[in-house]
Amino acid sequence: MEIVREWVKNIFIIIMAVSFVEILLPTGSMSKYLKFIFSLIIMAIILSPLAILME
Amino acid sequence: MSVESIVEEQLNSMDMKEIEDLFNYASSSSGGIFTDTSPAEIIKSIIQGDPIINFNDIINNISHLFLQEIQSSIILGIQLVIICIIIGLLKNLSTSFSEDTISNLGVIVCSCCVMALCLKSFMDIYTICSNSIDTMTVTMQVILPILVPLLITMGGFASGGILNPLIMTAITAINTILQKFIMPAVYLSCIFILVNSLSEKDYVKKLALFMRGAAVFVMGLSVTLFSGLTIIQGIVTKSADGMIAQTARYSVDNFVPIVGSFAADSIDLILSCTSIIKNGIGIFGLLIIITLLTIPLVKILAVAVVYKITAIIIEPIGNKTVSDCLNEVGNSIITLAIILFLGAMMFLIFLAIIIGIGGGSLWKS
Numbered sequence: 070m071e072i073v074r075e076w077v078k079n080i081f082i083i084i085m086a087v088s089f090v091e092i093l094l095p096t097g098s099m100s101k102y103l104k105f106i107f108s109l110i111i112m113a114i115i116l117s118p119l120a121i122l123m124e
Numbered sequence: 591m592s593v594e595s596i597v598e599e600q601l602n603s604m605d606m607k608e609i610e611d612l613f614n615y616a617s618s619s620s621g622g623i624f625t626d627t628s629p630a631e632i633i634k635s636i637i638q639g640d641p642i643i644n645f646n647d648i649i650n651n652i653s654h655l656f657l658q659e660i661q662s663s664i665i666l667g668i669q670l671v672i673i674c675i676i677i678g679l680l681k682n683l684s685t686s687f688s689e690d691t692i693s694n695l696g697v698i699v700c701s702c703c704v705m706a707l708c709l710k711s712f713m714d715i716y717t718i719c720s721n722s723i724d725t726m727t728v729t730m731q732v733i734l735p736i737l738v739p740l741l742i743t744m745g746g747f748a749s750g751g752i753l754n755p756l757i758m759t760a761i762t763a764i765n766t767i768l769q770k771f772i773m774p775a776v777y778l779s780c781i782f783i784l785v786n787s788l789s790e791k792d793y794v795k796k797l798a799l800f801m802r803g804a805a806v807f808v809m810g811l812s813v814t815l816f817s818g819l820t821i822i823q824g825i826v827t828k829s830a831d832g833m834i835a836q837t838a839r840y841s842v843d844n845f846v847p848i849v850g851s852f853a854a855d856s857i858d859l860i861l862s863c864t865s866i867i868k869n870g871i872g873i874f875g876l877l878i879i880i881t882l883l884t885i886p887l888v889k890i891l892a893v894a895v896v897y898k899i900t901a902i903i904i905e906p907i908g909n910k911t912v913s914d915c916l917n918e919v920g921n922s923i924i925t926l927a928i929i930l931f932l933g934a935m936m937f938l939i940f941l942a943i944i945i946g947i948g949g950g951s952l953w954k955s
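From first to last, the protein sequence lines stand for chains Y and L. Residue numbers are given in the working numbering: position 16 of the first sequence equals residue 85, and the series is strictly consecutive. Residue numbers are given in the working numbering: position 216 of the second sequence equals residue 806, and the series is strictly consecutive.
Have a look at this one:
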């Protein structure tokens, strides 16, 4: 239960932070690469319980 | 010796304070949907053939309650609509700001407000749901120890012996599954849906829908499993009981000289009186469960309707993500209502099985 709680909290915080940062980013050629990296981070957070299961 | 006097004598020797307390609690929280009654009154009306429930009153009361609940939760809808109008204004005004960034930031802040409002109301509904499931479980745990001895008294040895642990296990298990897995899953899916509405891009929508679907699936599976097992057990043990009771009656009738047939007839009379009491208490339990179910269900459905209507209203003015998110939150709330309904349904099935065993068919074929 504690793990699930931690997981949901992480997803919540990371998505909120990403949404804010994406808006505040200056529009430039690098912004779409940055957005891709943010998506990768979110994916990693969603997959993080797998790491606990593997151990 | 009349039926009434036997029933009255048996009733007087029973302790039913606990279920009466429960019913008082249920009817006081129901706001007068079900009028005050007691097991004794229900049993009397069964013997006299009076109707137990007055349908018109109940339907009137429920529709009244529904409108009242909609009125009390309409404030939430109005707040949501106002926030969405502000979002629409911000979007239109974005050309007059120097950059897009400012208006987008405003939109996100407004979305955060929507999220906070929705989470708060969802939390309330979650608490209502979990409390009512707890109360229903307690009700079942109070009624069963009263019903099962009555079942055994009227000759249902096998049924009483097997059904009691089975139903007790099922009730406890379903309560644990609901509180530890199903309802948290719906709650988490609601959080994901809300956080997903922050940006135009979908990050966790599929995850949220998957969690909700899994919760509904597990609920359906466990209800089917437990009630199916109990029904099969009930059918099997019923025939075994019929055999035992008939053997007893036959041996009293034939092996006791002279008074044997009178004794067998009076056994019949007393057994059917016990079965009337058992059915009366069973119906009383059904009434308590229905009362406990109706109020939260009406409340939850009223909030869900408010969410759906708000989603419809803000679709033309607000942005698509917020409207979709409100619609999905409405669906989540309806899912909670369905889960509550299925849980109560299972409790009703258990009581109905116990009421169904015996009746007049057990010892007279």
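For glycine and all other residues, C-beta sits at the position ideal for the given N, C-alpha and C.
Spatial distance of residue i from residue j (CA atoms)
i, j, result
"Thr743 (chain L)", "Gln661 (chain L)", "50 Å"
"Thr925 (chain L)", "Val776 (chain L)", "8 Å"
"Ala892 (chain L)", "Leu657 (chain L)", "8 Å"
"Met99 (chain Y)", "Leu109 (chain Y)", "16 Å"
"Leu768 (chain L)", "Ile761 (chain L)", "11 Å"
"Lys898 (chain L)", "Met85 (chain Y)", "25 Å"
"Val785 (chain L)", "Leu930 (chain L)", "25 Å"
"Glu75 (chain Y)", "Asp605 (chain L)", "48 Å"
"Leu737 (chain L)", "Gly639 (chain L)", "22 Å"
"Ser829 (chain L)", "Met758 (chain L)", "22 Å"
"Gln731 (chain L)", "Lys681 (chain L)", "56 Å"
"Phe81 (chain Y)", "Val794 (chain L)", "10 Å"
"Asp855 (chain L)", "Ser841 (chain L)", "12 Å"
"Asn79 (chain Y)", "Ile114 (chain Y)", "7 Å"
"Lys954 (chain L)", "Asp858 (chain L)", "With a pLDDT of 49 at Lys954 (chain L), under the threshold of 50, the predicted position of this residue should be treated as unreliable, and no value is reported."
"Ala630 (chain L)", "Glu608 (chain L)", "14 Å"
"Ile83 (chain Y)", "Phe107 (chain Y)", "9 Å"
Residue i, buried or exposed, once every other Cβ within 10 Å from all chains shown has been counted against 16
i, result
"Val542 (chain L)", "Because chain L in this structure spans residues 591 to 955, residue 542 (chain L) falls outside the shown range and cannot be described."
"Pro847 (chain L)", "exposed"
"Phe874 (chain L)", "buried"
"Ala763 (chain L)", "exposed"
"Met936 (chain L)", "buried"
"Arg802 (chain L)", "buried"
"Phe105 (chain Y)", "exposed"
"Met705 (chain L)", "buried"
"Asp831 (chain L)", "buried"
"Tyr102 (chain Y)", "exposed"
"Leu116 (chain Y)", "exposed"
"Lys889 (chain L)", "buried"
"Leu916 (chain L)", "buried"
"Pro906 (chain L)", "exposed"
"Pro886 (chain L)", "buried"
"Pro641 (chain L)", "exposed"
"Phe613 (chain L)", "buried"
"Glu124 (chain Y)", "exposed"
"Thr725 (chain L)", "buried"
"Ile733 (chain L)", "buried"
Pair within 8 Å by beta-carbon distance, residue i and residue j
i, j, result
"Ala927 (chain L)", "Leu883 (chain L)", "no"
"Ser749 (chain L)", "Gly824 (chain L)", "yes"
"Ile752 (chain L)", "Thr827 (chain L)", "yes"
"Ile879 (chain L)", "Thr729 (chain L)", "yes"
"Ser701 (chain L)", "Ser787 (chain L)", "yes"
"Ile633 (chain L)", "Ile945 (chain L)", "no"
"Ala805 (chain L)", "Ile772 (chain L)", "yes"
"Leu941 (chain L)", "Leu876 (chain L)", "yes"
"Ile834 (chain L)", "Ile943 (chain L)", "no"
"Ser922 (chain L)", "Cys780 (chain L)", "yes"
"Val919 (chain L)", "Cys708 (chain L)", "yes"
"Asn938 (chain L)", "Met809 (chain L)", "In the sequence as displayed, the identity of residue 938 (chain L) is Leu instead of Asn. Result no, Cβ atoms of Leu938 (chain L) and Met809 (chain L) do not sit closer than 8 Å."
"Ile947 (chain L)", "Leu741 (chain L)", "yes"
"Val912 (chain L)", "Cys674 (chain L)", "yes"
"Thr766 (chain L)", "Ile92 (chain Y)", "no"
Residue i at chain A interface by Cβ criterion, 8 Å
i, result
"Ile111 (chain Y)", "Among the protein chains of the structure shown, namely Y and L, there is no chain A."
DSSP state of residue i mapped onto helix, strand, coil
i, result
"Gly793 (chain L)", "Per the sequence presented here, residue 793 (chain L) reads as Tyr, with Gly not at that position. Tyr793 (chain L) falls in the coil class under three-state DSSP."
"Met99 (chain Y)", "coil"
"Asp640 (chain L)", "coil"
"Glu598 (chain L)", "helix"
"Met112 (chain Y)", "helix"
"Ser787 (chain L)", "coil"
"Asp831 (chain L)", "helix"
"Phe107 (chain Y)", "helix"
"Tyr615 (chain L)", "helix"
"Ile714 (chain L)", "Correcting the residue type first, residue 714 (chain L) is Asp in the shown sequence and not Ile. Note: Asp714 (chain L) maps to helix in three-state DSSP."
"Leu709 (chain L)", "helix"
"Met801 (chain L)", "helix"
"Glu75 (chain Y)", "helix"
"Gly908 (chain L)", "coil"
The ligand NAD heavy atom lying under 7 Å from the CB of residue i
i, result
"Lys889 (chain L)", "Of ligands this structure carries none, so the ligand NAD is not represented either."
Legend entry - 3-residue-minimum beta strand (DSSP E) runs that sit fully inside the region 833-874 of chain L, ordered along the chain: none
Legend entry - Secondary structure, alpha helix (DSSP H): runs of 4+ residues fully inside the region 731-779 of chain L: 747-767
Inset, instruction - Counting only runs of 4+ residues fully inside the region 668-698 of chain L, write out the alpha helix (DSSP H) ranges in chain order. - result: none
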